[in-house]
Amino acid sequence: MTLTVEDVHSGYGGGTVLHGVGLAIPTGTALAVLGRNGAGKTTLVHTICGLIKPRAGRIALDGLELAGRPAHRVARAGIALVPQGRRVFASLTVAEHLALSRRRGEWTVPRVLQLLPRLQERLRNRGNQLSGGEAQMLAIARALLTQPKVLLLDEPCEGLAVDLADRVRAVVAELARGGLTVLLVEQQPEHALAVADRVALLADGMVASTHTAAQLRADPSLTDHVLSVASH
Ligand SMILES: Nc1ncnc2c1ncn2[C@@H]1O[C@H](COP(=O)(O)OP(=O)(O)O)[C@@H](O)[C@H]1O
Ligand SMILES: [Mg+2]
Numbered sequence: 001m002t003l004t005v006e007d008v009h010s011g012y013g014g015g016t017v018l019h020g021v022g023l024a025i026p027t028g029t030a031l032a033v034l035g036r037n038g039a040g041k042t043t044l045v046h047t048i049c050g051l052i053k054p055r056a057g058r059i060a061l062d063g064l065e066l067a068g069r070p071a072h073r074v075a076r077a078g079i080a081l082v083p084q085g086r087r088v089f090a091s092l093t094v095a096e097h098l099a100l101s102r103r104r105g106e107w108t109v110p111r112v113l114q115l116l117p118r119l120q121e122r123l124r125n126r127g128n129q130l131s132g133g134e135a136q137m138l139a140i141a142r143a144l145l146t147q148p149k150v151l152l153l154d155e156p157c158e159g160l161a162v163d164l165a166d167r168v169r170a171v172v173a174e175l176a177r178g179g180l181t182v183l184l185v186e187q188q189p190e191h192a193l194a195v196a197d198r199v200a201l202l203a204d205g206m207v208a209s210t211h212t213a214a215q216l217r218a219d220p221s222l223t224d225h226v227l228s229v230a231s232h
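Residues in the sequence shown are numbered consecutively from 1, following the UniProt record's numbering.
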């Protein structure tokens with residue numbers, strides 16, 4: 001499912017955060033959106049999944065126009081968000097989270113637990129008993145059980161120890177290789193490059209440039225102007 005975002009303007013109250021963002025993510029590819037804190041990354045994924053109504057622009061999944069549709073309609077069209085900060089419920093067990101998210105389709109609870117075996121051991125634990133890495137696995141599991149065609153992940157490695165961040169990156173890369181269309185939001189180029197085919201650099205609510213992963217690996221300084229605080 002090709003996700004296209006064209007000239008999207010979005011914000012909160014009187015303030016505009018996104019000033020004409022455009023992206024295209026062909027089916028089965030992974031695009032990372034890389035930008036520093038406050039660049040508008042979360043605003044972008046929230047706008048794509050219908051949590052914020054764009055002021056202008058188009059968002060389409062294989063030609064189906066989604067801009068301005070409510071979040072439940074966007075979810076039903078096949079877009080799932082793994083939100084920044086995981087957002088698991090403190091008082092629900094892992095098993096309860098999975099049961100609540102489950103919709104009929106190719107992602108079953110056993111398949112999700114096979115991908116994320118750590119959750120198998122934690123089925124009876126509540127959200128507030130999980131480590132950051134386990135909560136992140138749960139957030140991914142929950143999204144997969146909604147049977148997405150496109151998975152949006154908002155800084156999934158944020159705050160995780162290096163080994164757990166590696167594990168999360170490996171899972172996302174495996175999902176992308178399996179044919180899922182992925183939009184990964186990141187602040188750190190190494191996380192983006194572990195997963196993405198292409199990287200869009202977001203600065204001040206606009207896509208400054210887009211590069212292949214190979215281009216960025218060959219010339220890491222390409223990200224300097226969007227990531228360094230000093231340039232602002
Ligand atoms: N709920 C909100 N209400 C008003 N302004 C917001 C809200 N959320 C974010 N912003 C502002 O929008 C800008 C972009 O934020 P955000 O999309 O969260 O950036 P990022 O995810 O790249 O760190 C920031 O200036 C932030 O202060
Ligand atoms: Mg954010």
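Backbone N, C-alpha and C define an ideal beta-carbon position, used for all residues, glycine too. These figures come from a predicted structure and were not determined experimentally.
heavy atom of ligand 2 below 7 Å from Thr-42 C-beta: Relative to ligand 2, the nearest heavy atom lies less than 7 Å away from the CB of Thr-42.
Reference Gln-136; option with closest CA among Asn-125, Arg-126, Ala-173, Gly-85: The option with the nearest alpha carbon to Gln-136 is Gly-85.
Whole beta strand (DSSP E) elements within the region 79 to 154, 3-residue minimum: Correct list: 79 to 82, 150 to 154.
Proximity test, Val-17 beta-carbon vs ligand 1 heavy atom, cut-off 7 Å: Yes, ligand 1 has a heavy atom inside 7 Å of this Cβ.
Close Cβ partners of Ala-165 (< 6 Å) along its chain, the five nearest in sequence each way excluded: Taken in chain order, the residues that qualify are Cys-157.
Option nearest Gly-38 by Cα separation, candidates Glu-155, Val-8, Arg-102: For the residues Glu-155, Val-8, Arg-102, the minimum Cα distance to Gly-38 belongs to Glu-155.
Element boundaries [alpha helix (DSSP H), containing Ala-176]: Note, Ala-176: alpha helix (DSSP H), 162 to 177.
Given Leu-34 as reference, the closest of Ser-209, Asp-219, Ala-218 once Cα atoms are compared: Among Ser-209, Asp-219, Ala-218, the Cα nearest to that of Leu-34 is on Ser-209.
Gln-147 beta carbon less than 8 Å from that of Gly-178: No. Outside cutoff.
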